[in-house]
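Numbering (mature numbering (1 follows the signal peptide of the UniProt record, and there is no 0)), first residue to last: -22 to -1, 1 to 263.
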């Protein structure tokens, strides 16, 4: 009886080994097809993109090669000349220009990031007590407190939208000249003038935009978010058919329920909230 039982086990093991050997091996990360991606710098600074790229690579069965991570001026040329086949960037004049030139396919909204109100630590307008960004702007105007007119188009458009939402008109002191030498130095100018400013949360929190004694006084308003779009190759882009297919595969995954869940997980792991999934982004620009 024992001999028969052992023989049965041996036969079962042989059948299992034969079946297992017949299965195709799971593709290694290096064997997966590669998709080349360029991302706006904040996605990397926040720590969200490296984590999301790893998760999306597994979910989409791809190897994600991040070929560029920089401000929009640095990544748009990379995409346009064909060195990247998918680009993650804010919806902006630059992305619309790519679409108009045939270099980009129709843009798809993917996620959003948040802007915040920073200002002097003594907060003369009481911005920290405001319920939202519009109420904060109303307080700034009522106190005739200084506000920097930041040259960044995204921050500027959010500030103007908040003024409209609040139903107030900014005076001269709420349109102070931004004389910073670079966008990353805007808070140098704001601190020198004792002014408030609307800026991206990620560069302030990451230290890329040093605060120079200013504090984040208001955050968490969905109306102060900006949308990231997925930019895929258009008809004039140099990508071949296979590269276009892989870019679409990754873009589709990032927009899927699984991809959006991966984004939320990556954001938590990076100590967010930094990047908001579409289903939780609320109003954004």
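All C-beta atoms in this analysis are idealised placements derived from N, C-alpha and C, irrespective of residue type, glycine included.
### Message
Do residue 10 and residue 208 count as a contact pair if the criterion is CB distance below 8 Å?
### Response
Not closer than 8 Å, so no.
#### Entry: residue 254 vs residue 203 beta-carbon contact at 8 Å
Yes, Cβ-Cβ distance for residue 254 and residue 203 is below 8 Å.
#### Entry: Span separating the alpha-carbon of residue 205 from that of residue 198
Taking the straight line from one Cα to the other gives about 15 Å.
### C-alpha gap between residue 82 and residue 44, whole angstroms
Between residue 82 and residue 44, the C-alpha separation is close to 18 Å.
### Task
Tell me where the beta strand (DSSP E) around residue 93 begins and ends.
Here the beta strand (DSSP E) through residue 93 covers 86 to 97.
### Query
CA-CA distance, residue 52 and residue 71?
Distance between the alpha carbons of residue 52 and residue 71: 15 Å.
### Query
Of all the options 76, 231, 251, which has the alpha carbon lying nearest to the alpha carbon of residue 55?
For the options 76, 231, 251, the alpha carbon positioned closest to that of residue 55 is the one of 76.
### Task
Pair every Cβ in the region 236 to 252 with every Cβ in the region 27 to 34, then say whether three or more of these pairs are closer than 8 Å.
Taking a cut-off of 8 Å on C-beta distances, the region 236 to 252 touches the region 27 to 34, as three or more cross pairs fall below it.
### Query
Excluding sequence positions up to five away, which residues of its chain have a Cβ less than 6 Å from the Cβ of residue 107?
Hits under 6 Å: none found.
### Message
In the DSSP output, which residue or residues are listed as bridge partners for residue 41?
### Response
For residue 41, the pairing in a beta bridge is given by DSSP as 12.
### Task
Output yes or no for whether 8 Å exceeds the beta carbon distance between residue 317 and residue 192.
Lying outside -22 to 263, the shown extent of the chain, residue 317 is not represented and no answer is given.
### Task
Spell out the partners DSSP gives residue 178 in its beta bridges.
Answer is 93.
### Task
Following the continuous alpha helix (DSSP H) through residue 225, name the residue where it begins and the one where it ends.
Note, residue 225: alpha helix (DSSP H), 219 to 233.
### Query
Can you list, in chain order, the residues of its chain whose CB lies under 8 Å from that of residue 35, leaving out five sequence neighbours each side?
So the list reads 7, 10, 41, 42, once near-sequence residues are dropped.
### Task
Give the secondary structure of residue 50 by DSSP, where H, G and I count as helix, E and B as strand, and everything else as coil.
Three-state DSSP puts residue 50 in a helix.
### Query
Any idea what DSSP makes of residue 187, helix, strand or coil?
DSSP places residue 187 in coil when its eight states are reduced to three.
### Query
Given that a residue counts as buried once 16 or more other Cβ atoms are within 10 Å of its Cβ, and exposed if not, what is residue 80?
By the 10 Å Cβ count, residue 80 comes out exposed.
### Message
Measuring CB atoms only, is the region 226 to 240 touching the region 129 to 139, in the sense that at least three cross pairs come out at less than 8 Å?
### Response
The region 226 to 240, when compared against the region 129 to 139, does not touch it at the 8 Å Cβ threshold.
### Message
Under 8 Å, with one C-beta from each stretch per pair, do the region 138 to 146 and the region 179 to 190 reach the 3-pair mark?
### Response
In short, these stretches do not touch, since the Cβ pair count stays below three.
#### Entry: Residue span of the beta strand (DSSP E) that contains residue 254, given as start and end
DSSP places residue 254 inside the beta strand (DSSP E), whose first and last residues are 253 to 255.
### Message
According to DSSP, simplified to helix, strand and coil, what is residue 28?
### Response
Looking at residue 28 - three-state DSSP - the assignment turns out to be helix.
### Task
Could you tell me the boundaries of the beta strand (DSSP E) in which residue 196 lies?
Residues 193 to 196.
### Message
Am I right that residue 221 and residue 63 are in contact with their C-beta atoms under 8 Å? What's the rounded C-beta distance?
### Response
In this structure, residue 221 and residue 63 form a Cβ contact; the two beta carbons are roughly 5 Å apart against a cut-off of 8 Å.
#### Entry: Among 150, 92, 90, nearest to residue 118 - alpha-carbon criterion
Taking each of 150, 92, 90 in turn and checking the Cα distance to residue 118, the smallest one comes out for 150.
### DSSP-derived helix/strand/coil call for residue 82
In the structure shown, the three-state DSSP call for residue 82 is strand.
### Query
In terms of DSSP beta bridges, what is residue 209 paired with?
Checking the DSSP bridge columns, you'll see residue 209 partnered with 65.
### Query
What's the call for residue 23, buried or exposed, on a 16-neighbour Cβ count within 10 Å?
Under this definition residue 23 is a buried residue.
### For residue 126: DSSP bridge partner residues
According to DSSP, residue pairing for residue 126 in a beta bridge involves 154.
### Contact check, residue 110 vs residue 183, beta carbons under 8 Å
No, Cβ-Cβ distance for residue 110 and residue 183 is not below 8 Å.
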